[in-house]
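Enquirer:
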Amino acid sequence: MGEPAGSARPFILLSPALGAITFLLIVPVFFVLVYSFWLRSSVGAEIPGFHLDNWREVIGDAFYRHILFSTLRIGAITTVLCALLGYVPAYFIAMSKTRHRTLLLLLLILPFWISYIIRTMSWINILGVSGAVNQVLMALGLVSEPVQMLYNEATVILGLVHFLLPFMVLNVYVSLDAIDPNLADASRSLGATDFQTFREVTLPLSLPGLAAGGLLCFVLAAGTYITPLVLGGPRDAMFANLVFEAIITQLNWPLGSALSIVLLLVLGSIVTVYNRLVGLGQIAKSFG
Amino acid sequence: MSGWFFIRLYTIGVYLFMFLPVGVVVLLSFNSSQFGSFPMEGLSLRWFVELWNNDAIIRAFRVSLLLGALAAVISTALGVLAALALVRYRFRGKNAITTLLIAPILIPEVVLAVALLLFLRWLSLPRSFVLLLLGHVIFTLPFVLLVVQARLVAIRREYEEAALSLGAGPVQTFFAVTLPLLMPAVFAGMIFAFTVSFDDITGTMFWKPGGVETVPTQIFAMLRNSISPEINALGTVMIAMTVALPVLGMAVARWMAARRG
Chain X
1 MGEPAGSARP FILLSPALGA ITFLLIVPVF FVLVYSFWLR SSVGAEIPGF
51 HLDNWREVIG DAFYRHILFS TLRIGAITTV LCALLGYVPA YFIAMSKTRH
101 RTLLLLLLIL PFWISYIIRT MSWINILGVS GAVNQVLMAL GLVSEPVQML
151 YNEATVILGL VHFLLPFMVL NVYVSLDAID PNLADASRSL GATDFQTFRE
201 VTLPLSLPGL AAGGLLCFVL AAGTYITPLV LGGPRDAMFA NLVFEAIITQ
251 LNWPLGSALS IVLLLVLGSI VTVYNRLVGL GQIAKSFG
Chain V
289 MSGWFFIRLY TIGVYLFMFL PVGVVVLLSF NSSQFGSFPM EGLSLRWFVE
339 LWNNDAIIRA FRVSLLLGAL AAVISTALGV LAALALVRYR FRGKNAITTL
389 LIAPILIPEV VLAVALLLFL RWLSLPRSFV LLLLGHVIFT LPFVLLVVQA
439 RLVAIRREYE EAALSLGAGP VQTFFAVTLP LLMPAVFAGM IFAFTVSFDD
489 ITGTMFWKPG GVETVPTQIF AMLRNSISPE INALGTVMIA MTVALPVLGM
539 AVARWMAARR G
């Protein structure tokens, strides 16, 4: 099927999109790499050239390494929590035989559409000094003064899990839904218990979806700076906050460029490893 | 069936976790108290009235709507053409090109934002609405491409081949056969792109010119002070919009599919 190979037509169709990606993404990323070797003079002007100063600072300074590790840690904890919280509902919807399956699925996709910043700030209403939890605690007489629960690493992770959970649920659901129900029936008819069937048949077959959801959760969590700004304290900056700080606040473009390249390399290598092991096609299935 | 009972309970718990904070935002937006927090003193619409009279917010809404609409139209046009090429033709390097086209969602958005900003700065172009628009087009393109591609695979080629064999040209075939069949996907892609653009804050904080705010950056700026009841009201409006839009989109897509029979 399809046109004979070698036709120019597909490339004509692709050229607007490829042109946009090339000039607005590929070439600019190359510029970031070049800029990371420039210097910023004390008066704020940039000095072109091949200087390793930014790189020496970014790689050598324990501060940046510390933030990079805590960013990866936050990303990993978020991913594990999303997997633990997300697998069961996805399993429930995929296996349930109720008429309301479509409604449940719709509810599941709904949080995707609710604004990220609104969902993030909504936790201030819950955990803030005059938030719901403190009101309840005070009404019950358990505490006499409001407890400060916000603005730490735990609330950053909480906000990220709340933001990213739908990605996990949807990816796991897609892979569970694609499993032939006859396989589980066959396993049971051969004498396996429900739990054995889950462990030996369903779970292994849903691993690609779990991996796809995990990748999205990890990469999106480790690349954020908004959640730490809203729900974190001054000491909970993540790596992307350093980029934002360098570029927008300090206007130190060369340093911001070097930091961007580090973030790109770290998260990019994770995507590459995933692509080798699972393949990016798994993520595309969620859009079907 | 105690295992299934546990699963059901767990699922209800997760749904509560997802929706409770959002529900509290909606609830508090109707609180007549002058602080944006508990306790509820009474029901009132005063914060929605204040919202309507807040010029900064109305301006931000206008920017967001225009930006989202333009980004959606442009990225859908680019995405549909690219999806056609990827699904309907055989050529070398298809996998590499697909990866390239979905690269904007694979690389961290912060890096995307820095790269585009830096490049335009190097070209001596200041931050502007156009930069914001270009950024949003790049960022929404992969979503449109994935949505349209998934639908296009499901549309049988025989229809197009019939048109071609009856003497229609490729362009005529596209407009008379492929596009009408693809319309629900085009529509879905456009709504998807609009919502992604309307919701974006990560890139927008880098790209927006001074003095220009979109709705998310406006909310972010308002959070700097303290959580005011207006933010809850704005959140409620956003939730109503972003929930109504896909539901509306699905209804239209279904209607279009039903009308075709």
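Those protein sequence lines, which keep their order, are chains X and V.
Taking this note's numbering, the leading residue of the first sequence gets 1, the next gets one more, and so forth.
Taking this note's numbering, the leading residue of the second sequence gets 289, the next gets one more, and so forth.
We put the beta carbon where it would ideally sit given N, CA and C, even for glycine.
Note that the structure is a prediction, hence the values are computed from the model and not measured.
#1: Does chain V have any CB closer than 7 Å to the CB of A17/X?
#2: Can you confirm whether the segment 421-438 of chain V touches the segment 360-374 of chain V when touching is taken to mean that 3 or more C-beta pairs between the two stretches lie within less than 8 Å?
#3: Could you check if I102/X is buried or exposed, using at least 16 other CB atoms within 10 Å of its CB as the buried criterion?
#4: Output, in chain order, the set of chain X residues within a Cβ distance shorter than 8 Å of M306/V.
#5: Using a Cβ-Cβ cut-off of less than 8 Å, give me the residues of the segment 358-384 of chain V that come near chain X, in sequence order.
#6: Shorter than 7 Å from the beta carbon of V310/V to some beta carbon of chain X?
#7: If the cut is a Cβ gap below 8 Å, which residues of chain X does V474/V touch?
#8: If you measure from the beta carbon of L355/V to each beta carbon in chain X, is any gap under 7 Å?
#9: Rounded to the nearest angstrom, what separates P327/V and L315/V at their Cα positions?
#10: Against chain V, does L231/X count as a neighbour if the rule is that its beta carbon must be under 7 Å from one of theirs?
#11: With L85/X and V302/V assumed to form a contact (beta carbons below 8 Å), what rounded beta-carbon distance in angstroms separates them?
#12: Identify, in the order they occur along the chain, each residue of the same chain with its Cβ nearer than 6 Å to the Cβ of V156/X, setting aside the five sequence neighbours on each side.
#13: Using a Cβ-Cβ cut-off of less than 8 Å, give me the residues of the segment 112-136 of chain X that come near chain V, in sequence order.
#14: DSSP three-state label for E46/X, please.
#15: Using CA coordinates, which residue listed in W410/V, I479/V, F305/V, G498/V is at the minimum distance from L536/V?
#16: Sorted by chain position, which residues of the same chain lie with C-beta nearer than 6 Å to G423/V's C-beta, five sequence neighbours on each side aside?
#17: Cβ atoms of P504/V and G26/X: under 7 Å apart, would you say?
#18: Any beta carbon of chain X sitting closer than 7 Å to that of F326/V?
#19: Per DSSP, what kind of secondary structure is G281/X in: helix, strand or coil?
#20: Tell me which residues share the same chain as V500/V and place their Cβ nearer than 8 Å to its Cβ, disregarding the 5 neighbours each side in the sequence.
#21: Once you ignore the five residues that flank A90/X on each side, which residues in its own chain have a CB closer than 7 Å to its CB?
#22: Taking beta-carbon pairs under 7 Å, can you tell me which members of the segment 260-281 of chain X lie near chain V?
#23: In three-state terms, what does DSSP make of R40/X?
#24: Given that D194/X touches chain V, what residues does it touch there, using C-beta distances under 8 Å?
#25: Kindly indicate if chain X contains any beta-carbon less than 7 Å away from that of Y447/V.
#26: What is the rounded straight-line gap between the Cα of V484/V and the Cα of Q460/V?
#27: Is R512/V near the ligand NAP, with its Cβ less than 6 Å from a heavy atom?
#28: In the segment 182-211 of chain X, which residue ranges form an unbroken beta strand (DSSP E) of at least 3 residues, counting only runs that do not cross its ends?
#29: Tell me, please, whether the CB atom of F508/V is closer than 7 Å to any CB atom in chain X?
#30: Helix, strand or coil for L267/V? Go by DSSP, reduced to three states.
#31: Quick check: is the beta carbon of P517/V nearer than 7 Å to any beta carbon in chain X?
#32: Would you verify that the beta carbon of F92/X is, or is not, closer than 7 Å to some beta carbon of chain V?
#33: Would you please verify whether the beta carbon of D343/V is less than 7 Å from any beta carbon of chain X?
#34: Assuming D487/V is part of the alpha helix (DSSP H), what are its boundary residues?
#35: Chain X beta carbons: is any one of them nearer than 7 Å to that of R471/V?
#36: Counting only the same chain and skipping the five closest in sequence on each side, list residues whose C-beta sits under 6 Å from that of P166/X.
Expert: The structure says:
#1: By one-based count along the first sequence, residue 17/X stands at place 17. Interface residue, yes.
#2: yes
#3: The sequence position of residue 102/X within the first sequence is 102, counting from 1. The amino acid at residue 102/X is misidentified as Ile; the sequence shows Thr. It counts as exposed.
#4: Numbered from its first residue, the second sequence carries residue 306/V at position 18. Per Cβ cutoff of 8 Å: P111, H162, L165, P166.
#5: A365, L366, G367, L369, A370, L372, A373, L374, R376, Y377, R378, F379, R380
#6: Counting from 1 along the second sequence, the entry for residue 310/V is found at position 22. Chain X, which has a Cβ nearer than 7 Å to the Cβ of V310/V, makes this yes.
#7: On the second sequence, residue 474/V is found 186 positions in, with the first residue counted as 1. Here the premise fails: no neighbours, minimum Cβ distance about 14 Å.
#8: Indexing the second sequence from 1 puts residue 355/V at position 67. Not closer than 7 Å to any Cβ of chain X, the Cβ of L355/V fails to qualify, so no.
#9: Position 39 of the second sequence, counting from 1, holds the residue named residue 327/V. Position 27 of the second sequence, counting from 1, holds the residue named residue 315/V. About 11 Å.
#10: As a first step, residue 231/X is located in the first sequence; it is residue number 231 there, counting from the start. Not one chain V Cβ lies under 7 Å of L231/X.
#11: Residue 85/X sits at position 85 when you count from the first residue of the first sequence. Residue 302/V sits at position 14 when you count from the first residue of the second sequence. So it is a contact: roughly 5 Å between Cβ atoms.
#12: Taking the first residue of the first sequence as 1, we reach residue 156/X at position 156. Cβ neighbours of V156/X beyond the five flanking positions: T227, P228, L231, G232, D236.
#13: W113, I114, S115, Y116, I117, I118, R119, M121, S122, W123, I124, N125, I126, G128, S130, G131, A132, Q135
#14: Here the question's residue 46/X lines up with position 46 in the first sequence. Here E46/X sits in strand by DSSP.
#15: As a first step, residue 536/V is located in the second sequence; it is residue number 248 there, counting from the start. Of the listed residues, the one whose Cα sits closest to L536/V is I479/V.
#16: As a working note, residue 423/V is residue 135 in the second sequence. Within the same chain, G423/V has close Cβ partners L404, G491, W495.
#17: In the first sequence, counting from the first residue as 1, residue 26/X sits at position 26. In the second sequence, counting from the first residue as 1, residue 504/V sits at position 216. A quick correction: the sequence has Ile, not Gly, at residue 26/X. It is not a contact, given that the beta carbons lie outside the stated cut-off.
#18: Counted from its first residue, the second sequence places residue 326/V at position 38. So, interface residue.
#19: Within the first sequence, numbered from 1, the residue matching residue 281/X stands at position 281. In the structure shown, G281/X sits in a helix (DSSP, three-state: H, G or I).
#20: By one-based count along the second sequence, residue 500/V stands at place 212. If we look at V500/V and ignore the five residues flanking it on each side, its Cβ neighbours are V351, F417, L420.
#21: Residue 90/X sits at position 90 when you count from the first residue of the first sequence. Excluding residues within five positions, the ones whose Cβ falls inside 7 Å are V169, V172, Y173, L176.
#22: S260, L263, L264, L267, G268, V271, L280
#23: Start at 1 with the first residue of the first sequence, and residue 40/X comes out as number 40. In the structure shown, R40/X sits in a strand (DSSP, three-state: E or B).
#24: Here residue 194/X refers to the residue found at position 194 of the first sequence. Within chain V, the residues near D194/X are G291.
#25: Counting from one through the second sequence, the residue named residue 447/V turns up at place 159. Not closer than 7 Å to any Cβ of chain X, the Cβ of Y447/V fails to qualify, so no.
#26: On the second sequence, position 196 is the one that residue 484/V refers to. On the second sequence, position 172 is the one that residue 460/V refers to. Those two C-alpha atoms are separated by around 32 Å.
#27: The model on display carries no ligand, and the ligand NAP is accordingly not part of it.
#28: none
#29: Against the second sequence, residue 508/V aligns to sequence position 220. So, interface residue.
#30: A query on residue 267/V cannot be resolved here, the shown segment of chain V reaching from 289 to 549 and no further.
#31: Translated into positions along the second sequence, residue 517/V becomes position 229. No - not a single Cβ of chain X is within 7 Å of the one on P517/V.
#32: Your numbering for residue 92/X matches position 92 in the first sequence. Yes, F92/X counts as interfacial toward chain V.
#33: Taking the second sequence and counting its residues from 1, one reaches residue 343/V at position 55. No, no contact with chain X.
#34: Taking the second sequence and counting its residues from 1, the one referred to as residue 487/V is at position 199. Taken as a continuous stretch (DSSP letters only), the alpha helix (DSSP H) holding D487/V covers 467-487.
#35: By one-based count along the second sequence, residue 471/V stands at place 183. It should be pointed out that residue 471/V corresponds to Met in this sequence rather than to Arg. So, not an interface residue.
#36: Along the first sequence, one-based indexing puts residue 166/X at 166. Same-chain partners within the cutoff: P111, F112.
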